[in-house]
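Numbering (my numbering), first residue to last: 133 to 521. Here a beta-carbon is modelled for each residue, glycine too, at the ideal position from N, C-alpha and C. Okay, so here's the structure we're looking at.
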Amino acid sequence: IPEEYVLPRLAEDLPDHARYRARERRARFVGKNGACNVAHKNIREQGRFLQDVFTTLVDLKWPHTLLIFTMSFLCSWLLFGMVWWLIAFAHGDLDHSTRVQRGLADGAAGPPADFVPCVTSIHSFASAFLFSIEVQVTIGFGGRMVTEECPAAILVLIVQNIVGLVINAIMLGCIFMKTSQAHRRAETLIFSKHAVIALREGKLCFMLRVGDLRKSMIISATIRMQVVKKTTSMEGEVVPLNQIDIQMENPVGGNSIFLVSPLIIYHVIDKNSPLYDISPMNLHHHEDLEIIVILEGVVETTGITTQARTSYLADEILWGQRFVPIVAEEDGQYSVDYSKFGNTVKVPTPSCTARQLEEDKSIMDNMPFSPRATIRKRSVRLKPKFTLS
């Protein structure tokens, strides 16, 4: 019976050694979406985060940011509401308001004309809290106001206005920075799901495709790659995440790219490459190999530097395949078919390492190559407007 028609067995039916072997896979250093798979633990100097409060607020998650945004205003209103209530209590405004209310209820004469409160119409903590909100958000309903009777009240009014402006500046700036963060623009910078290794100009090359879904360009875009693997030095030192830069090649030259249409970025596997001894037998999920791709540039519309990241494990690298063309010329312009962005096709490729290919030139003599591919051009057959009889 073919394997594709056999129902998979339950995990309980598998032997223990097979079950554990199926779970073995190298942990990613960088996820496919660009998130770094690193957990910071046992940080003793937590106070360093408070030295840069603004960046700490921006890095928080949205629920935490909105909670701090709300609590900062509520706490400031309650604090200054308590201050206004204490000022009114110390000046006797609360007792005077109580006597006035009792006198009006008993039908007695009005309040003495010579008594001037610090803040009019404050007779409880609730009214002091409402006055604190009116002062900080500059509403001003007209029922409560500060008089010139108490210099302390005038000083508190000035301090509360300054504190309110500072809180507004910090919290609104934090909200603005969170909504305009650079990684939002990176959501439309895409990479191919798989990378490929195939021949190009007679040499084995590691290739991937990168594209931009927006019409607004990424200015001064640069791309670089790193190989992350576990290495051991000559002295026996084990480096669990050794980052090795590898040279990139692209159609423009250097590390700068002109990302108007999707580009195939490739790395020539030569004797200086960390992939020099990689063969098809090494491209499995047990191999300790991860290739990180980093794309950086300046957003044209906002001027903010953005960065997009992805990674490829060994089993995500396809040997002997190349990307299909997705750029076609039609109606006087170039069109890009993103439905084929990650599609690949098999091509003749030797099943050996780059070292073996360089040492034995005869391997290339038996390789069947197809003619050179060009950009597809869709021609439209036009009907003649005139006929000759």
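For the region 370-455, the full-length beta strand (DSSP E) segments reaching 3 residues or more read 370-378, 395-400, 422-431, 437-445, 449-451, 453-455 along the chain.
Going by DSSP, residue 352 is part of the beta strand (DSSP E) stretching over 350-364. The C-alpha of residue 267 lies about 51 Å from the C-alpha of residue 442. Here residue 337 really is in contact with residue 401; their C-beta atoms are around 6 Å apart, less than 8 Å. A residue is called buried once 16 or more other Cβ atoms fall within 10 Å of its Cβ, and residue 273, having fewer, is exposed. The region 276-287 makes contact with the region 217-224: 3 or more CB pairs, one atom from each, lie closer than 8 Å. For the region 257-335, the continuous alpha helix (DSSP H) assignments of 4+ residues that do not extend past its boundaries occur at 257-268, 283-311, 314-317, in sequence order. Approximately 7 Å separates the beta-carbon atoms of residue 209 and residue 261; this is inside 8 Å, confirming the contact. The three-state secondary structure of residue 208, taken from DSSP, is helix. Residue 487 sits in a helix when the DSSP states are folded into three classes. Judged by DSSP in its simplified three-state form, residue 338 adopts strand.
Here the alpha carbons of residue 170 and residue 369 stand approximately 22 Å from one another. The beta carbon of residue 161 lies closer than 8 Å to those of 168, 169, 170, 360, 373, 422, 424, 443 in the same chain, with the five residues before and after it left out. Judged by DSSP in its simplified three-state form, residue 227 adopts helix.
One thing to note: residue 454 has its Cβ within 8 Å of the Cβ of residue 479. For residue 489 and residue 482, the gap between their C-alpha atoms comes out near 8 Å. For residue 188, the enclosing alpha helix (DSSP H) begins and ends at 185-191. Taking C-alpha positions only, residue 327 is separated from residue 450 by approximately 6 Å.
In the displayed model, residue 481 falls within coil according to three-state DSSP, outside both helix and strand. The residue from 332, 348, 419, 389 with its alpha-carbon nearest to that of residue 363 is 419. The beta-bridge partner set that DSSP reports for residue 177 is empty. Assignment of residue 167 by DSSP, reduced to helix, strand and coil, places it in the coil class. Beta-bridge partners of residue 222 (DSSP): none assigned. With a beta-carbon spacing of about 7 Å, residue 254 and residue 216 fall inside the 8 Å limit used to define contacts.
In the structure shown, residue 343 adopts extended strand secondary structure according to DSSP, grouped into three states. A direct Cα-Cα distance of roughly 21 Å separates residue 188 from residue 206. Within the same chain, Cβ atoms closer than 6 Å to the Cβ of residue 486 are found at 336, 401, 408, the five residues on either side in sequence being excluded.
Note that the C-beta distance between residue 340 and residue 322 is not below 8 Å. By the neighbour-count criterion, in which 16 or more other beta carbons inside 10 Å mark a residue as buried, residue 417 falls on the exposed side.
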